[in-house]
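Report on the structure given below.
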Amino acid sequence: QAGLRPSRGILLVGPPGCGKTLLAKALATESQANFVAMKGADLHSKYVGESEQRLRDIFRRARQAAPCILFFDELDAFLPARGMMGLDAAVSERILAQFLVEMDGIEELKGVLVLGATNRVDRLDEAILRPGRFDEIVKFAPPDAKEREEILRIHLKQKPLSEEVDTTYLSGLTEGWSGAELSAACNRAALLAVQRAVHGELKRMSPITREDLLQALRQIRPEK
551 QAGLRPSRGI LLVGPPGCGK TLLAKALATE SQANFVAMKG ADLHSKYVGE SEQRLRDIFR
611 RARQAAPCIL FFDELDAFLP ARGMMGLDAA VSERILAQFL VEMDGIEELK GVLVLGATNR
671 VDRLDEAILR PGRFDEIVKF APPDAKEREE ILRIHLKQKP LSEEVDTTYL SGLTEGWSGA
731 ELSAACNRAA LLAVQRAVHG ELKRMSPITR EDLLQALRQI RPEK
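The working numbering numbers the first residue of the sequence shown as 551 and each following residue consecutively.
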């Protein structure tokens with residue numbers, strides 16, 4: 551009724567481990583759309599024309615599977631700015647040209663949403679970021695204290711915990727940590743508890759203690 555055209559692309563921008571890829575998977579699940587994922591580095595080929603052919607095949611597959619979310623992880627790996635392409639400049643320029651053609655060429659991307667993720671938006675070619683291609687840029691920031699506490703609770707939910715474990719306290723110790731680091735710390739703490747149970751020849755899993763989590767934090771980020 552408003553006469554709007556849906557966005558062709560959405561770009562997720564943020565530091566490593568902040569949940570860009572996880573959000574892409576959640577979008578596909580919640581929307582019940584088909585999901586085609588591709589890492590940018592996988593497109594490069596030493597044979598002339600093969601990289602562009604791979605890109606054409608990916609977009610054709612997405613059109614055939616519409617409604618579809620076409621996800622490109624590490625977008626900066628295959629669409630760097632001109633002048634930053636290095637030794638593979640000729641290949642990168644052809645890939646960039648093919649990508650622009652697929653995004654807004656003659657064949658319309660009907661029912662296909664192109665979702666890109668990068669932690670180096672400054673390395674992307676400016677042609678990619680112009681209106682009509684990636685219309686929406688969603689920026690991710692490191693989780694705040696409340697979000698870190700929720701992440702810790704999610705990753706510790708299915709693990710045996712000692713009553714002394716305080717996720718609020720742990721959240722305060724992890725300022726600036728990413729979701730991936732918090733997840734790794736929870737798994738590392740569980741591993742420490744397993745090792746304690748094995749060395750003590752216990753018949754049951756030993757609960758994860760506050761000290762296990764503090765030690766895991768120190769192992770993930772030694773400066774902490």
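The beta carbon of each residue, even a glycine, is placed where N, CA and C say it ideally should be.
Values in this document were obtained by computation on a predicted structure and should not be read as measured data.
Residue i beta carbon near the ligand ZN (any heavy atom closer than 7 Å)
{"i": "ASP626", "result": "Ligands displayed in this structure: none; no statement on the ligand ZN is therefore possible."}
Boundaries (first-last residue) of the alpha helix (DSSP H) holding residue i
{"i": "GLY553", "result": "That residue, GLY553, is in no alpha helix (DSSP H); it is neither H nor E in DSSP."}
{"i": "GLY564", "result": "Counting along the chain, GLY564 falls outside any alpha helix (DSSP H), and DSSP gives it neither H nor E."}
{"i": "PHE649", "result": "639 to 654"}
{"i": "PHE525", "result": "Missing from the structure shown is residue 525; the chain here goes from 551 to 774 and no further."}
{"i": "ALA615", "result": "Segment: none, ALA615 is in no alpha helix (DSSP H) and carries neither H nor E."}
Distance, residue j Cα to residue i Cα
{"i": "GLU580", "j": "LEU573", "result": "10 Å"}
{"i": "ALA747", "j": "LEU732", "result": "23 Å"}
{"i": "ASN737", "j": "LEU711", "result": "12 Å"}
{"i": "ALA695", "j": "LEU562", "result": "22 Å"}
{"i": "VAL651", "j": "ARG606", "result": "10 Å"}
{"i": "THR717", "j": "ALA583", "result": "35 Å"}
Identity of the residue in the options nearest residue i by Cα
{"i": "ARG604", "options": "LEU593, PHE621, THR724", "result": "LEU593"}
{"i": "ILE608", "options": "SER642, ALA631, PHE649, LEU629", "result": "PHE649"}
{"i": "LYS707", "options": "ILE758, GLU624, PRO565", "result": "ILE758"}
{"i": "ASP672", "options": "PRO630, LEU659, LEU665, PRO681", "result": "PRO630"}
{"i": "LYS589", "options": "ASP626, PRO566, GLY569", "result": "ASP626"}
{"i": "ALA743", "options": "LEU723, LEU764, SER728", "result": "LEU764"}
Unbroken beta strand (DSSP E) run spanning residue i, endpoints
{"i": "CYS618", "result": "618 to 623"}
{"i": "ILE704", "result": "Not the beta strand (DSSP E): ILE704 falls in the alpha helix (DSSP H), residues 695 to 706."}
Residue i - partner residues in DSSP beta bridges
{"i": "ALA775", "result": "Any answer about residue 775 is impossible in this case: the structure gives the chain only from 551 up to 774."}
{"i": "LEU663", "result": "ILE619"}
Buried versus exposed, by CB contacts within 10 Å (16 or more), residue i
{"i": "THR668", "result": "buried"}
{"i": "ILE687", "result": "exposed"}
{"i": "ARG698", "result": "buried"}
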